[in-house]
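These protein sequences, in sequence, are chains V and Y. For the first sequence, the numbering used here gives the first residue as 1, with consecutive numbering after it. For the second sequence, the numbering used here gives the first residue as 1, with consecutive numbering after it. In this text, a Cβ means the ideal position worked out from N, Cα and C, and glycines have one as well. Accompanying notes for the structure given below.
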Amino acid sequence: MTSLAGIFAHPFMRYAFLAGVPVAALAGLVGYFMVLRKQVFAADALSHVAFSAVVTALAFGVDPRLGLFVGTVSFGAVLGLLGTRGRADDVVVGAVFVWILGLGVLALSLYQSSARSSADGAAGVNVLFGSVFGLSATQATVAAAVATVLLVAMALVARPLLFASLDEAVAAARGVPVRALGIGFLCLVGASVAEATQAVGALLLLGLLAAPAGTAHRLTDRPYRAMAASAALSTLAMVVGLGASYLWPTLPPSFAILAVSTAVYAASFAVPSGSADSKPRRRRAQTRRTSTL
Amino acid sequence: MVIAASAVDPALTWNLLADVRAALQYPFMVNAFRAGTVVAVLSAAVGWFMVLRRQVFAGHTLAVVGFPGAAGAVLVGVSAGYGLFAFAVAAAVTIALVPAAAGVGSGQESAVTGTVQAFALACGFLFLSLYGGFEGAYALLFGSFLGITEHQVWVLLAVAATALAILTAMARPLLFASVDPAVAAARGVRVRALSVGFLVLLGLAAASVAQITGTLLVFALLVVPAATAQTLTARPVASLALAVILAVTVTWAALLGGYYSSYPIGFYLTTFSFIPYVAAGVWTRARRSAAGAR
Numbered sequence: 001m002t003s004l005a006g007i008f009a010h011p012f013m014r015y016a017f018l019a020g021v022p023v024a025a026l027a028g029l030v031g032y033f034m035v036l037r038k039q040v041f042a043a044d045a046l047s048h049v050a051f052s053a054v055v056t057a058l059a060f061g062v063d064p065r066l067g068l069f070v071g072t073v074s075f076g077a078v079l080g081l082l083g084t085r086g087r088a089d090d091v092v093v094g095a096v097f098v099w100i101l102g103l104g105v106l107a108l109s110l111y112q113s114s115a116r117s118s119a120d121g122a123a124g125v126n127v128l129f130g131s132v133f134g135l136s137a138t139q140a141t142v143a144a145a146v147a148t149v150l151l152v153a154m155a156l157v158a159r160p161l162l163f164a165s166l167d168e169a170v171a172a173a174r175g176v177p178v179r180a181l182g183i184g185f186l187c188l189v190g191a192s193v194a195e196a197t198q199a200v201g202a203l204l205l206l207g208l209l210a211a212p213a214g215t216a217h218r219l220t221d222r223p224y225r226a227m228a229a230s231a232a233l234s235t236l237a238m239v240v241g242l243g244a245s246y247l248w249p250t251l252p253p254s255f256a257i258l259a260v261s262t263a264v265y266a267a268s269f270a271v272p273s274g275s276a277d278s279k280p281r282r283r284r285a286q287t288r289r290t291s292t293l
Numbered sequence: 001m002v003i004a005a006s007a008v009d010p011a012l013t014w015n016l017l018a019d020v021r022a023a024l025q026y027p028f029m030v031n032a033f034r035a036g037t038v039v040a041v042l043s044a045a046v047g048w049f050m051v052l053r054r055q056v057f058a059g060h061t062l063a064v065v066g067f068p069g070a071a072g073a074v075l076v077g078v079s080a081g082y083g084l085f086a087f088a089v090a091a092a093v094t095i096a097l098v099p100a101a102a103g104v105g106s107g108q109e110s111a112v113t114g115t116v117q118a119f120a121l122a123c124g125f126l127f128l129s130l131y132g133g134f135e136g137a138y139a140l141l142f143g144s145f146l147g148i149t150e151h152q153v154w155v156l157l158a159v160a161a162t163a164l165a166i167l168t169a170m171a172r173p174l175l176f177a178s179v180d181p182a183v184a185a186a187r188g189v190r191v192r193a194l195s196v197g198f199l200v201l202l203g204l205a206a207a208s209v210a211q212i213t214g215t216l217l218v219f220a221l222l223v224v225p226a227a228t229a230q231t232l233t234a235r236p237v238a239s240l241a242l243a244v245i246l247a248v249t250v251t252w253a254a255l256l257g258g259y260y261s262s263y264p265i266g267f268y269l270t271t272f273s274f275i276p277y278v279a280a281g282v283w284t285r286a287r288r289s290a291a292g293a294r
């Protein structure tokens, strides 16, 4: 069995950590707000759009990463514009994204029948399920740099966004541009989805967004502490997952990362919820629960 | 697709009836039409309630969970269909019970739903990589109508008949509970039990649809026809019937599209169901603004 001692001797492992850690921290931070704003489904839709964007770019011979970012950020903006106050109805989101996914299927079949696909036959599978061990030095550096920029952007809007998410009406009355923030946030989510696609793949990134954030929301009620916890848990899942995948090569890295974040979330259900001690929140949660049943 | 193209090289003519008859010469197309029709009726009916209840995210997750089910079934050597049904029902119970047991709001509910979905897909990926082949992945994810056996048609028919019978039995209280849960609960309707039961039905429907559309494109039949119908009319029975008609028409058109061209059926299914949806949205908005101008 390989030991963890020599893990950084391999360039591909170094690149995986270089890109994976900031991407995971970003996903954790963005995920905190997605769960708070109950927009996890929008992230789901964006992750499927990411697949269509990459295969469309491949089919037309464009740089897939360019297609990825253009596709997800513009779909994020569309989601924001479709809804009132920067939030779209789930039914509309579902109808639109399944059509975009259908276009992606068409693009995939065009790409597979074209001459270009012979160069990279597994491209479709890599987009869907990630290929963090396949990143080159430049790809990893660019991914890390973009993730850092996005992290700074998130940190800058965190305060007004938190206000707008917790109490939209009061925030709007106090002059916070609620709608613009909502749209801007969805664009940031789009860019984060594009980043995470490169690490864990379009179909699995939802776990990196939802599970650490869900855990953090359970552990504490304090927003900034929860944000930090979410980013930290997501990073932990990435590090442990990459390490586990290194130790047991039969485990695909994206599966290992997802397994860790899911296990941590599942374990948090064993602990009594931290949010139960805050009364106003519990009351709100209860009214909401009855209305969704 | 490749089999059909190389065997007969079918070409679409202007005579639609003759085209359908030509396609139905082949047993696999007959099975595809039978299974497609069954699945379309079931998904439109269950999907209609899902859209009414705004449980779109749960529906998508139940559909996607079929992917590890099918991949796992292939890995252990049983028919993919059974894996689809088993996983979808298990996920339905998880989604229904876990957030409620934890006693938290819908923010947690969506986080649990998203986590279940992503972890399920990750398991599917693991199963496929253990199996050592990704050739089947696209068919599981994006659908195929070539390999549908007669046995599968019968299984789908039995599942659909059972699910529709249960849905019919619970339709009235479910409608009440979906439109106004608080009043329904006050009037003694068992809202909670209905909601769990409906999620299981939704899982069954999603697993059935996934056998034609693939796990990722289930919404083409589950959401879009129902959403189109509900945009056009607010009367429950009329819009339910309209959703069924739309779903069946879309399925037949997509099967013909897939048969007569070299493009995947998933593209036709999504596009054919999306066009009426957009048209209905535009028409309703235009009518509303015309009414407002008067």
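Below 7 Å on C-beta distance, what does residue i contact in chain Y?
i	result
V:Asp90	Arg54, Val56 and Phe57
V:Phe255	Ala122, Phe125 and Leu126
V:Thr262	Thr115 and Phe119
V:Val99	Here the sequence assigns Trp to residue 99 of chain V, which means Val is not the residue at that position. Result: Thr270, Thr271 and Phe274.
V:Asp167	The contacting residues do not exist; V:Asp167 stays about 15 Å from chain Y at best.
V:Ala199	Simply none; closest approach about 13 Å.
V:Tyr265	Thr115
With DSSP collapsed to three states, give me the class of residue i.
i	result
Y:Phe134	coil
Y:Leu16	helix
V:Gln39	coil
V:Val125	helix
V:Arg159	helix
V:Pro280	Residue confidence for V:Pro280 is low, a pLDDT of 45 falling below 50, so the modelled location carries little weight; the figure read from the coordinates is stated next. Three-state DSSP puts V:Pro280 in a helix.
V:Ser165	helix
Y:Phe57	helix
V:Thr148	helix
In chain Y, which residues lie with their C-beta within 9 Å of the C-beta of residue i?
i	result
V:Val35	Gly107, Gln108, Ser110, Ala111 and Gly114
Run down chain V in chain order and give the residues with a C-beta less than 9 Å from the C-beta of residue i.
i	result
Y:Pro264	Gly102, Val105, Leu106, Leu108 and Ser109
On the DSSP letters alone, give me the boundaries of the alpha helix (DSSP H) that residue i sits inside.
i	result
V:Phe60	Where V:Phe60 is concerned, there is no enclosing alpha helix (DSSP H), given that its DSSP letter is neither H nor E.
Y:Tyr268	Ile265 to Ala293
Y:Gln152	Glu150 to Val179
V:Ser3	Element bounds for V:Ser3: n/a, residue is neither H nor E.
V:Ser297	Outside the shown range of chain V (1 to 293) lies residue 297 of chain V, about which nothing can therefore be said.
Y:Tyr26	Neither: Y:Tyr26 is in no alpha helix (DSSP H) and is coded neither H nor E.
V:Gly243	Pro223 to Leu247
V:Ala202	Premise fails: V:Ala202 is in no alpha helix (DSSP H) and is neither H nor E.
Y:Pro225	Val224 to Leu232
Would you kindly check if the distance between the Cβ of residue j and the Cβ of residue i is under 8 Å?
i	j	result
Y:Val56	V:Val91	yes
V:Ala173	V:Ala164	no
Y:Leu84	Y:Ala280	no
Y:Leu141	Y:Gly214	yes
Y:Val224	V:Val98	yes
V:Val132	V:Ala259	no
V:His217	Y:Ala111	yes
Y:Val250	Y:Phe272	yes
Y:Ala229	Y:Leu217	no
V:Ala77	V:Cys187	yes
V:Gly102	Y:Leu146	no
Y:Ile148	Y:Asn31	yes
Y:Leu240	Y:Ala40	no
Y:Ala137	V:Val125	yes
V:Ala59	V:Leu110	yes
Closer than 8 Å by beta-carbon distance: list the chain V residues that pair up with residue i, in chain order.
i	result
Y:Leu269	Gly102
Y:Tyr277	Ala95
By Cβ distance below 8 Å, which residues in the same chain neighbour residue i in space, the five residues on each side in sequence not counted?
i	result
Y:Ala91	Thr61, Leu62, Val65, Val116, Ala120 and Gly203
V:Met34	Val40, Ala42, Ala43, Val189, Leu209, Ala210 and Ala213
Y:Ala177	Ala184, Ala185, Val189, Val191, Leu194 and Ser195
Check the Cβ of residue i against every Cβ in chain V and list those closer than 7 Å, keeping chain order.
i	result
Y:Ala161	By Cβ distance, chain V contributes nothing, its closest Cβ being about 26 Å from Y:Ala161, past 7 Å.
Y:Ser129	Pro252
Y:Phe142	Val105
I'd like the list of long-range same chain contacts for residue i, defined as Cβ closer than 6 Å, with 5 residues on each side in sequence excluded.
i	result
V:Ala24	Ser234, Thr235 and Met238
Y:Ser261	none
V:Leu36	Ser165
Using a Cβ-based criterion (distance less than 7 Å to any ligand heavy atom), does residue i qualify as near the ligand MN?
i	result
V:Ser230	Judged by which ligands are present, the structure shown has none, so any question about the ligand MN falls away.
Taking C-beta pairs closer than 8 Å, name the residues in chain Y that residue i reaches, listed in chain order.
i	result
V:Phe8	In chain order: nothing, as chain Y lies at least about 25 Å away.
V:Ala259	Phe119 and Ala122
V:Val40	Phe57, Ser110, Ala111, Thr113 and Gly114
V:Leu204	Ala118, Leu121, Ala122 and Phe125
Can you find the residues in the same chain that come closer than 7 Å, C-beta to C-beta, to residue i, ignoring five residues on each side of it along the sequence?
i	result
Y:Ala86	Gly69
V:Val193	Ala43, Leu46, Ser47, Ala50, Thr72 and Leu205
V:Gly6	none
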